[in-house]
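This report refers to the structure that appears directly beneath it.
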Amino acid sequence: PDNYERVHAILDRYPENYKASAIIPLLDLAQRQHGGWLPLAAMNKVARIVDAKPMQVYEVATFYTMFNREKVGKYFIQLCGTTPCMICGSNEIKKTIEDHLGIHEGETTEDGKFTLREVECLGACSNAPMVQINDDFYENLTPQAVRELLDACKKDSPPPMNKWGSLPMNGQLSCEGPEGKTSLLWEKAPGPGFRMRPDSDLQPKVNPKDVKDAMLY
């Protein structure tokens, strides 16, 4: 019943004659309901909900890489292997994960708890190397940090996210370097008023946690 309420809330965003626009968020909802993957029955159900041909839904599900058409583990590890992460050590991170879990890229552990997949850029280049586990980013990784992260997941107690939904594993704040906030000239950034917008100028003020809590799916 709760999922059907979410379905109706999603459909309400679109005009009646454009229900097919809801295919992506409905597929995302279905994937979450099925533990991280999309069985054929779920895709067919979405097609019926939006009055679309099943093939239209299959096309979307096969085009976007965030949709999984095979079962994945409880902790779905997506390792970024694109250039910035590769330069910063993603190959070593990959080997650490494989050795620690006893699987290779593309495989799932026998207990069904972990799946490892190497993916293209996830958009956290400034904090490379990084992985995405389910919805969350873990950044600035080292082999030791990865082992600790995996051990925490084995106990079903992964490190809590900070308010921005990502967690640099080296203790830094957001994307700040070891010197804190700096300009491109490696000088301390000037205060508000010198071509910089102070955070207090944001109207209205938004708490990221409130945004996440208000998400419909």
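Under the working numbering, the first residue of the sequence shown is numbered 3, with each subsequent residue one higher. Where is the CB? At the ideal position from N, CA and C, for every residue including glycine.
Practice task
In the DSSP assignment, find the beta strand (DSSP E) that holds GLU141 and state where it starts and stops.
Solution key: Element bounds for GLU141: 138-141.
Problem - Endpoints, the alpha helix (DSSP H) within which CYS82 is located - result: It is not in any alpha helix (DSSP H) - CYS82 instead sits in the beta strand (DSSP E) that spans 77-82.
Exercise for the section: May I ask you to verify whether the region 114-130 touches the region 81-93, counting CB pairs closer than 8 angstroms and requiring at least 3? Expected result: yes
Exercise for the section: Using a Cβ-Cβ cut-off of 9 angstroms, state whether GLU150 counts as contacting chain B. Expected result: Checking the listed chains, one finds no chain B in this structure; it contains a single protein chain.
Exercise for the section: Determine, using beta carbons only, whether LEU222 and ARG8 come nearer to each other than 9 angstroms. Expected result: Outside the displayed span of the chain (3 to 219) sits residue 222, for which this structure offers no information.
Handout entry: Burial state of ASN1 (16 or more Cβ within 10 Å)
Key = Outside the displayed span of the chain (3 to 219) sits residue 1, for which this structure offers no information.
Exercise for the section: Determine the direct distance from the alpha carbon of ASN93 to that of TYR77, and round the result to whole angstroms. Expected result: Going by the C-alpha atoms only, they are around 20 angstroms apart.
Handout entry: CA-to-CA distance, ILE25 to ASN19, given in whole angstroms
Key = 13 angstroms
Problem - Alpha carbon of GLU61 to alpha carbon of MET171, nearest angstrom - result: 37 angstroms
Problem - Rounded straight-line distance, which links the Cα of GLU150 to that of LYS157 - result: If you take the alpha carbons of LYS157 and GLU150, they lie about 11 angstroms apart.
Practice task
Using three-state DSSP, classify VAL133 as helix, strand or coil.
Solution key: In the three-state scheme derived from DSSP, where H, G and I count as helix and E and B as strand, VAL133 is classed as strand.
Exercise for the section: Provide the residue span of the alpha helix (DSSP H) that contains GLU150, from first to last. Expected result: 145-156
Exercise for the section: Specify, as a first and last residue, the run of the beta strand (DSSP E) that LEU118 falls within. Expected result: 116-121
Exercise for the section: Mind checking who PRO161 pairs with in its DSSP beta bridge? Expected result: In DSSP, PRO161 forms no bridge with anything.
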